[in-house]
Every structure is written in structure tokens, then in C-alpha cells.
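One structure is given below, encoded as C-alpha cells.
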């Protein structure tokens, strides 16, 4: 069993799918591990560290030659997989709903694409969930980046020269990223409030010491949507929420938006008119900017100033924390493969529940039900 890891080639990608820690663990399972030279440098992992962990460091894409499994953060181009064994697995993120051409190419190439984004949100798969681990870091980074742009202190400070008031931070969307954003803003001393369309999140918001801001006149979603995500709301609810947000957002210094709906553009949460009500010097961080944006006028990796308000957001937020993001991502991949490791077969053998969820292509065809039609 040969496991290979290539250097990430997507623009702005700093993470790597294998660390010396997980390389050593794969070797302990009996696998041979090959890493492309320089694959971990942007995540502060030198080639020598991989060698010390028992991995083979190979120049260029030749690292995949003879590979049974290829690991990636973002799925590599099919051309770079030349030399991998027929039917080789590729475990990575594929952005399946937006990358149909890439997935078709994997099918034609005879590779078995395993999409880590499609990992089911079930208890036994929590340690394999790359979306959660990366979103956690993204929520943290959103607050830290906003604090840097804000130009004022987050906590209340009492000095001989007078009192500095605490920043007011509003988090929109209380998934993994939103919860971490709330926790981080609280740790920095801000006054934090948050909202979500799922009424079940009120308790989570309050447990972190933040104030829940919810539409009470129109019923929202009682529990979780599919896969733990929210779903689109009725027009009545959207109108009521817009009115509530408009009155609340005008008083905020920092706003973090986190809303995503799988397979669809990010929902618009903040309009230009609402931005205009905010105080000059306020900051909005749009965590969904790479998927169309929650905020009108937001642009990936650019600072947009509208009505004196800074609007920021990264196309790949967790990549701004390369070392920690790589460590968590690599552990997710190891947890995934090791959970199904068959000692007799000396390779992982996926069960039906998780295998059917993450498998995109097999036997030259696109097989995932979520991509049907």
C-alpha cells in the first residue's frame, strides 16, 4: 500500500494533506508514504521532517508513481496523477457542486474520487470531518483579522485618561465557524451577539456568553437542516430577519457573516443600505465571500470600503493558518483511512454508509447520488 502526497498547486493554497505526525502513523499501519519535495514548506514543514518520520521525499509529481492512495487538500488535476495505479483513491476536497468537469475527468481517468466535504455529519465521522476542523480555524481567523482592521481595542479598558468602550461584535450564522467566532470575540473582550435561522442555536449562543438575536414573530427552523446546515427560509421569514438585522447592525462595530448553503450561492445577508447605517470605521468579515458572499459588494482577498465601513474576506481563510490547518486536515485524513484499515488486505476498506457518502467516482462513472442529474 503506497500513499502519496503532492505539493498543492491551487493559487493561495498553503496547506498540506500530510504531516510528519500522520506520515509516521501511516507507516505504523504498514503503508509506504511518498511526499513531493517541498510539499510542506508553506506550512512550516521541511522535507527533512518527513524523512525523519519515515516518508520518502520525491522530486515533482513522480511522488504518485505506483500510488494506491493520493491525499490532497484540494483535489489535484488529473494530469498530475499520471503513474498512480489504476483505480487509485484520491482523498481530498473537490468542491463537487462547482467542479463537475474535474469530477468527470476523474471518472474518465479511472480514479476513485473521495470527497472529504461529503463526509456525513454523524458521530463516528466527527474526527474525519475536514469542513468542521477548517471552519473552526476560519471562525477564529475572521475575528482576529477583523480586530486587526478595526483600529480600536476589543475589550473595555479603564485608564486614568478615561474608559475605552468594548467593541460590539455581531455573528450571523451559528455553525462551527460562527461558534468559534463568538468564542474568540468573547475571549478578546467584545460584547457579542449572534443570530441564526435555526432556533435550536439560541442555547449554544447563550452558553458562550453571547446575546441571541432572533426573529420571534415568524417561525424559523426548529433544528438542524440537512447535514447540519441551515436551509433556505420563507420570504416572510427573510423579510422579518432583514428588518431585525437592520436595526441591530447599525449599532455594531464588527460583523462576521458565515452563512452557506451546500450546492447554492451563499445567501445575501447584508445589503448596501444596511452597510450605510453602520458607523464609519466598522468592519464586516464575509466568510462566504468565495461562494458569492453574504455581503453586497464583498470581494475575495480585497478590502472594500463602502460608506466608511471596511468589508473583508479571504478566498481561503483557513489557509491563512497553514500550520494548524494542515495538522488538523492531515489528522482528519488519517482518522478516515485508519478507521477502515483492514490488516489482512493491508489497505482501507470503506463501509457502505461512509463510502457511499464520500465516493464521487468509481469504475469510470460518477456515482454519487448528490451529483445526480
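Residue numbers (the working numbering): 51 to 423. By construction, the Cβ of each residue, glycine as well, lies at the ideal position given by its N, Cα and C atoms.
Look up residue 123 in the DSSP assignment and give the residues it is bridged to. Note: residue 123 is not bridge-paired with any residue in the DSSP secondary-structure output.
Over the uninterrupted beta strand (DSSP E) stretch that includes residue 213, give me the two end residues. DSSP places residue 213 inside the beta strand (DSSP E), whose first and last residues are 212 to 214.
Skipping 5 residues on each side, what residues in its chain have a beta carbon closer than 6 Å to that of residue 306? 192, 221, 231 and 335
Express the C-alpha separation of residue 176 and residue 129 in angstroms, rounding to a whole number. 32 Å
Cβ pair residue 161, residue 153 closer than 8 Å: no
Rounded to the nearest angstrom, what separates residue 363 and residue 346 at their Cα positions? 12 Å
Own chain residues within Cβ distance below 7 Å of residue 188, not counting five before or after: 227, 337, 367 and 368
Residue 390: buried (16+ other C-beta within 10 angstroms of its C-beta) or exposed? exposed
Sequence-distant residues of its chain with Cβ nearer than 7 Å to residue 412 (five each side left out): Result list for residue 412: 162, in chain order.
Return the CA-CA distance between residue 199 and residue 207, expressed in angstroms with no decimal places. Answer to the nearest angstrom: the Cα atoms are 19 Å apart.
Simplified DSSP state of residue 277, which is helix, strand or coil: Caution is warranted here: a pLDDT of 48 is assigned to residue 277, below 50, making its placement in the model unreliable, and the coordinate value is therefore given only provisionally. The answer is helix: DSSP assigns residue 277 an H, G or I state.
Cβ-Cβ distance between residue 69 and residue 365 below 8 Å: Result no, Cβ atoms of residue 69 and residue 365 do not sit closer than 8 Å.
Is residue 58 buried or exposed, if buried means 16 or more other CB atoms sit within 10 Å of its CB? buried
Taking only the alpha-carbon atoms, compute the straight-line gap between residue 315 and residue 148 and give it to the nearest angstrom. 10 Å
Verify whether the separation of the beta carbon atoms of residue 358 and residue 201 is less than 8 Å. no
Within its chain, find whatever has a CB closer than 7 Å to the CB of residue 239; leave out the 5 residues flanking it on each side and keep chain order. Within the same chain, residue 239 has close Cβ partners 204, 205, 206 and 216.
Does DSSP classify residue 70 as helix, strand or coil? Note: residue 70 maps to helix in three-state DSSP.
Please specify which runs of the beta strand (DSSP E), each continuous and at least 3 residues long, are wholly inside the segment 221 to 256, giving them in chain order. 241 to 245
So, under 8 Å CB-CB, residue 408 and residue 166 are touching, yes? Tell me the CB distance rounded to an integer number of Å. 7 Å
Residue 67 and residue 134 closer than 8 Å at C-beta: no
Considering only their Cβ atoms, is the gap separating residue 382 from residue 94 smaller than 8 Å? no
Nearest-angstrom Cβ-Cβ length linking residue 63 and residue 120, presumed shorter than 8 Å: Actually they do not touch by this definition, with Cβ atoms about 16 Å apart.
For residue 52 versus residue 117, is the C-beta distance shorter than 8 Å? yes
What is the DSSP secondary structure of residue 53, counted as helix, strand or coil? strand
Roughly how many angstroms lie between the CA atoms of residue 344 and residue 322, to the nearest whole one? Looking at the two C-alpha atoms, the distance is approximately 11 Å.
Of the listed residues 422, 392 and 287, nearest to residue 80 (C-alpha basis): Residue 80 has its Cα closest to that of 392, out of 422, 392 and 287.
Should residue 132 be labelled buried (16 or more other beta-carbon atoms within 10 Å of its own) or exposed? exposed
Range covered by the beta strand (DSSP E) that runs through residue 151: First-last for residue 151: 150 to 159, but that is the alpha helix (DSSP H), not the beta strand (DSSP E).
So residue 414 packs on residue 158, CB below 8 Å; how close in whole Å? 7 Å
Taking 8 Å as the threshold (C-beta atoms), are residue 55 and residue 86 in contact? yes
For residue 422, collect the residues of the same chain with a Cβ closer than 7 Å to its Cβ; drop the 5 residues on either side in sequence, then sort them by chain order. none
With a CB to CB cut of under 8 Å and the five nearest residues on each side skipped, what residues in its chain are close to residue 65? 58, 92, 93, 123, 368, 369, 372, 375, 376 and 379
Only counting runs of 4 or more residues, tell me where the alpha helix (DSSP H) segments fall wholly within the segment 165 to 208, in order along the chain. 180 to 200
Based on Cα-Cα distance, which residue from 384, 195 and 108 lies nearest to residue 353? 195
DSSP three-state call for residue 82: helix, strand or coil? strand
What separation, rounded to the nearest whole angstrom, lies between the Cα atoms of residue 155 and residue 329? 49 Å
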